[in-house]
Amino acid sequence: NAIAHKCIEVEQGKLSIFKGGYANYLEKKTQILQSLAKSHETLLKQLKSEEEWLRRGVKARLKRNEGRKERIFKMREEAKKNPGAIKRLKLEISRAALNFNGGKTINRKKMLFELKNISKNINNKNLFKDFSTRILQGERIAIVGRNGCGKSTLLKILLGQIKQDSGEIKRGELKIGYFDQARSLVNSDKSLLEIFCPNGGDRVEVRGKNMHVYGYLKNFLFPKEFLDKSVALLSGGEKNRVALALLFTKEYDVLILDEPTNDLDIATINILEEYLLSFEGAILLVSHDRYFVDKIATKLYAFEGNGYINILHTLYTEYLENEKEIEELDNFALELQTQEQNNNQKEKSSKKLSYKENEILKNHPEKIDFLEQKIAKLNQDLSDP
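So this is what it looks like as structure tokens:
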């Protein structure tokens, strides 16, 4: 930064020159991002207005209207591409800033999983195909997508519970914590004291630290009188807090959570969030709870259909909004196409002449010539701006 007086960026086959050092380059890129986001917002407003015009119905044969329709179609295509470009630019800036500011770079982190071209097909449905990625220490990844798309299947492959159809997975020497397993341990007639101190006494090992069992469990909102209470008598929310308390006693390299907020009360979700945000290993979670995902995840694996998993560095809420926006544009395009087909069909139907019209054509050719000339003159007048 101190030495350079010019930065040259190579991106998608294009060269861009930025005056000044690296800090100035980052500032200019941020300005470009802000400008692009503002332009996209303006474009969406214009497009909404133009769509209203189209919905009111237009006469396609008028040249001015044809040109306007073409411009709307181009605007729609641009509106579809913009969210992807904005996301990509955000990611580039955040990565560049992280490296420049001397933060932990991705290459210095411990690699936990490496996936190379893995594929999985179930019942002739392609869940994912040729998916490659690395999962590193400290990453917090949310796996998102519609029900049945393969999110839990990917988790099970990472856990080694099922095999991929093709491709390769490398795993480090890992200690993996799985929230579902902790939940299954709670189905017991034992008391809290017996579960947390199976060898007797009142001390519990919590990630290498010896603690009094009550001192630990009060963090999970359990009063002292609950220590001798049978887990079977606890409410659903209390059992989930026991499962979390069990999970957090151990040290892990990776935590895997499949719909962790299901059946959790607000107090338990707050405890879970607090722990996950302080966790130094990797987190892989499947959840439809966008507020929870926004708070925890720093990366998304988004199942987008046809076996494709998109890797994104964005908030889940932003991703859902962009998906909704694109879906609305696609639906509108389909609506317009259907409307145009119906209009064309009506035009074809209207071209059939009645018996009376055929008689006029046959007996009055000079009148037809006069009317055709008049129509041509009117069309010319309408076409002139």
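Going by my numbering, the letters in the sequence shown line up with residues 4 to 388, in that order. We treat Cβ as the ideally placed atom computed from N, Cα and C, and that holds for glycine. Just so we're clear, the structure is a prediction, and the values are computed from it rather than from any experiment.
Practice prompt. For the alpha helix (DSSP H) containing TYR294, list its first residue and its last residue.
Written response: Within the sequence shown, residue 294 is the residue found at index 291, counting from 1. Here the alpha helix (DSSP H) through TYR294 covers 293-299.
Practice prompt. Indicate whether ALA305 and ARG143 have their beta-carbon atoms separated by less than 7 Å.
Written response: Stepping through the sequence shown from its first residue, residue 305 is reached at position 302. Stepping through the sequence shown from its first residue, residue 143 is reached at position 140. No, Cβ-Cβ distance for ALA305 and ARG143 is not below 7 Å.
Worksheet item: Hey, how far is the Cα of ILE274 from the Cα of PHE223?
Response: Reading the sequence shown from its first residue, position 271 is the one you call residue 274. Reading the sequence shown from its first residue, position 220 is the one you call residue 223. Taking the straight line from one Cα to the other gives about 7 Å.
Worksheet item: Straight-line CA distance for SER191 to ILE198?
Response: Residue numbering aside, residue 191 sits at position 188 when the sequence shown is read from its first letter. Residue numbering aside, residue 198 sits at position 195 when the sequence shown is read from its first letter. The alpha-carbon atoms of SER191 and ILE198 are separated by roughly 9 Å.
Worksheet item: ILE146 lies in the beta strand (DSSP E); which residues open and close that run?
Response: As a first step, residue 146 must be located in the sequence shown, where it is residue number 143. 143-147 is the extent of the beta strand (DSSP E) around ILE146.
Fill in: Sub-7 Å separation of PHE131 and GLY153 beta-carbons
Walking along the sequence shown from the start, residue 131 turns up at place 128. Walking along the sequence shown from the start, residue 153 turns up at place 150. In terms of Cβ geometry, PHE131 and GLY153 form a close pair [threshold 7 Å].
Worksheet item: In this structure, does DSSP put ASN110 in helix, strand or coil?
Response: By 1-based counting over the sequence shown, the position of residue 110 is 107. For ASN110, the predicted structure reports a pLDDT of 43, less than 50, and the residue's modelled location is therefore unreliable. A value from the coordinates is still provided. In the structure shown, ASN110 falls within a helical segment according to DSSP collapsed to helix, strand and coil.
Worksheet item: Expressed to the nearest angstrom, what Euclidean distance is found between the alpha-carbon atoms of GLY240 and ILE269?
Response: Your numbering for residue 240 matches position 237 in the sequence shown. Your numbering for residue 269 matches position 266 in the sequence shown. When the Cα atoms are used, GLY240 and ILE269 turn out to be separated by approximately 9 Å.
Worksheet item: Which of helix, strand or coil does DSSP assign to PHE306?
Response: Taking the sequence shown and counting its residues from 1, the one referred to as residue 306 is at position 303. In the structure shown, PHE306 sits in a strand (DSSP, three-state: E or B).
Worksheet item: What is the DSSP secondary structure of VAL209, reduced to helix, strand or coil?
Response: Sequence index remark: in the sequence shown, residue 209 carries index 206 (1-based). Judged by DSSP in its simplified three-state form, VAL209 adopts strand.
Discussion item. Is it buried or exposed, VAL257, if we count other Cβ atoms within 10 angstroms and call 16 or more buried?
Written reply: Residue numbering aside, residue 257 sits at position 254 when the sequence shown is read from its first letter. Burial check for VAL257: the Cβ neighbour count within 10 Å reaches 16 or more, so the residue is buried.
Worksheet item: Just the Cα atoms here: how many angstroms apart are VAL147 and ARG244?
Response: Mapped onto the sequence shown, residue 147 falls at position 144. Mapped onto the sequence shown, residue 244 falls at position 241. Taking the CA atoms as reference points, VAL147 sits about 25 Å from ARG244.
Discussion item. Taking the alpha-carbon of GLY141 as reference, which of LEU157, LYS119, SER155, MET114 has the nearest alpha-carbon?
Written reply: Position 138 of the sequence shown, counted from the first residue, corresponds to residue 141. Considering only alpha carbons, the answer is MET114.
Worksheet entry | Per-residue DSSP class, three states only, for ASN361 | Taking the first residue of the sequence shown as 1, we reach residue 361 at position 358. Collapsing the DSSP output to three states places ASN361 in a helix.
Fill in: Own chain residues within Cβ distance below 6 Å of PHE21, not counting five before or after
For this step, residue 21 is matched to residue 18 along the sequence shown. CYS10, TYR28, LYS31.
Practice prompt. My understanding is that ILE138 touches GLY170, with C-beta atoms under 8 Å, so please give their C-beta distance in whole angstroms.
Written response: Looking up residue 138 in the sequence shown gives position 135. Looking up residue 170 in the sequence shown gives position 167. Contact check for ILE138 and GLY170: beta-carbon distance about 15 Å, past the 8 Å limit, so the pair fails to qualify.
Practice prompt. Assess, as a yes-or-no matter, whether the region 214-234 is touched by the region 176-184 under the definition of 3 or more beta carbon pairs within less than 8 Å.
Written response: Contact fails: fewer than three Cβ-Cβ distances are below 8 Å.
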